[in-house]
Structures are given as C-alpha cells and as structure tokens.
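Reading through the structure tokens given below for one structure.
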Amino acid sequence: MADKEAIDNCHETQSNKSCSGNTPPDRLIDLPLTPPATIEPHLPSIDASGPFLRLLESRSDRAKTVDSEGWVEVSLDQKQYVSLRGSIERSFKRFDYDPNHGLLILRIPSPVHDFFANILADDVQDRLNDIAKEGGEAGAFASRIKSGGSSTILLLEGDSEFFKNIRREPDAQFRHPRAYYPGVVVEVSYSQEGKSLRKLAQDYILYSNGDIKAVIGVNINYKGKQCTVSVWRPEYTRSEDGNIDELGFTAVLSQEVRRNISIEQDEADQADISLLRRILM
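Each residue of the sequence shown is one higher than the one before, starting from 41 at the first, in my numbering.
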C-alpha cells in the first residue's frame, strides 16, 4: 500500500517525467538546486553565527584574567547586530552597541576592575547619604538618588536626523527616580584595555543633551604605576548670533594623579578614594 501511495505522489508532482528520475531538460527550472542569482542573500542566521560567537567567547575567556583586555571592540553593522543580538545577550553579561559606527563593545571586566568599581560606587553612595542627612532641599533630593549599577543607558539625543540610539552599560550610575538619565555615570579603565574615558564622557553628556551632569572616569594602572581620575561636566557656550547656548563638555578635574594603586595592595588601600568625595560636594 505504501509503495502505491509513493508511486501516486510521484506521478502527481512530476508529470511528463518517469519515476526513475529522468527529467526532461525543460523541467529543470522547477527544481533549482541553488537560489537564482538575482535573489539577495540573507545575513547568517543565529544558528550560522556559531563561529562568530565562539570567537567572541574565546576573547571573553582571555579577558577574565587580571592583566588582559576587558574591552573588546568588534565591527558589526546594525542588520548583523539585530540578527545576533539574542545570542550576544545570552553569551555576554555586558556589552555596548553604537549603530552609528557599527561598533559592538564587549565589556568583560577583570575581578580587580569589578572590585574597584563596586568600592567606588559604594563610596559615592555614602557621600550622597551624607548630603541627605544634612536636610533641606539638597538633602531631600540626594535622599532619592540611588545606585543603578550597570543598567543599560540608551542615549537618544543625537545631533542629526540620521542618529541612531547608542547603548551603554557603565560600571556604575546614580539616578533620581523621576529622571530618564542618571545624573552621575562612573567608568573605570583597568590596565591596557583600551577604553577611552574621554570619548565615553563625550557621548554620555552630548547624547543625553546634558542631562547626565557628571562623568567620573578612573584609570587604574597596575604594577606600581600611577592611578588617575577625571571628571567631565556639561559646558554651555553662547552661539555667535547670541540666540542659543551650544552644549559641549569640559574636564573639571583633569587627570589628577593619586597615589599608586597596585593589585598587590590590600583592600583597605584600594578603598581609599576620599578624593572622589569632593566631586559631589
């Protein structure tokens, strides 16, 4: 019975053709082996992205050591990003994406990087709590500002109609519940990872339309080298016609050298960041 059904199906789907597989030449177009050349090929599916993701994951494994790159930049256009986003989110805890430059950034901080960033965030929160205890309008405002950790920030305020939203996941941030953007963003750069703190500060301030009021950047060096800290804020200058204020950004604390921080020093030394307290005063 099964053989009869197979024969019937064969006759129904392949008229003018024998079941032995002898197909007349004029019927070859009915069964193309490859898509026509005029069809635009699709981007690789997520299933086909295995080699790409394995490459990224190998970089991730290397970046988890102390003296490694924790900031991996990969060229990826927006169509590819949309196709791969689900797999990237499952494979990597933190990443940035700038569609305007087609740039995917994998954030793979070392243990020392994370440790210092957490201590820094705790210290900033302690300072906010001190201001809150002072009472008054400033105290009431400070009491509502809380740590936002590495939650995603979407920078929406582009400078042209072609601007596309930029995704950032900072090392720390502090936000008032009624504000869309955090008031303070913290970025830590450790070792030779290649993170440009100044460029990040520029993006945060300009593409939030100045709603991000301060970007604190700390560059932690290792093996006895000096540690530096910078703070950037919005800056407004009157346009030539005098009608509008043009937004820019400026360093109000520029590369101030602190005492050396080494990964061999104890935790108490690493926690000594009293310099940052006066940033928020």
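Using N, Cα and C, we set each Cβ at its ideal position, and we do this for glycine too. Quantities reported herein were computed from a predicted structural model and do not represent experimental measurements.
Please check the pair residue i and residue j, which I expect to be a contact at CB under 8 Å, by giving their CB distance rounded to whole angstroms.
i, j, result
"Gln112", "Leu143", "The displayed chain sequence assigns Val, not Gln, to residue 112. That belief does not hold up - the Cβ atoms of Val112 and Leu143 are roughly 11 Å apart, past 8 Å."
"Ser248", "Tyr221", "5 Å"
"Gly257", "Glu227", "5 Å"
Looking at chain C, is there any beta carbon in it that lies within less than 8 Å of the beta carbon of residue i?
i, result
"Lys173", "Of the protein chains in this structure there is only one, and it is not chain C."
For a test of the three-state rule: what should DSSP assign to residue i, helix, strand or coil?
i, result
"Asp170", "helix"
"Phe135", "strand"
"Ala180", "helix"
"Asp154", "helix"
"Gln242", "helix"
"Ser236", "coil"
"Gln165", "helix"
"Gly288", "strand"
"Arg207", "strand"
"Leu68", "Per-residue confidence for Leu68 stands at a pLDDT of 35, beneath the threshold of 50, marking its modelled position as unreliable; the derived number appears in the next sentence. The answer is helix: DSSP assigns Leu68 an H, G or I state."
"Leu124", "helix"
"Gln118", "helix"
"Gln310", "Reliability of the predicted coordinates at Gln310 is poor, the pLDDT of 40 falling under 50, and no value is obtained from them."
"Ile185", "coil"
"Arg147", "strand"
"Arg130", "helix"
"Leu73", "Interpretation of Leu73 is limited by its pLDDT of 41, a score under 50 that renders its predicted location unreliable; the figure taken from the coordinates is listed afterwards. Here Leu73 sits in coil by DSSP."
Roughly how many angstroms separate the alpha carbons of residue i and residue j, rounded to a whole number?
i, j, result
"Ala291", "Asp136", "23 Å"
"Asn261", "Ser236", "14 Å"
"Cys267", "Asp281", "43 Å"
"Leu194", "Pro139", "12 Å"
"Phe155", "His141", "31 Å"
"Gly176", "Ala182", "10 Å"
"His216", "Lys186", "7 Å"
"Ser123", "Gly288", "35 Å"
Touching by the beta-carbon criterion (3+ pairs, under 8 Å), the region 208-226 and the region 271-280: no
Segment contact, 8 Å Cβ cut-off, at least three pairs: the region 158-171 with the region 205-215: Touching, yes.
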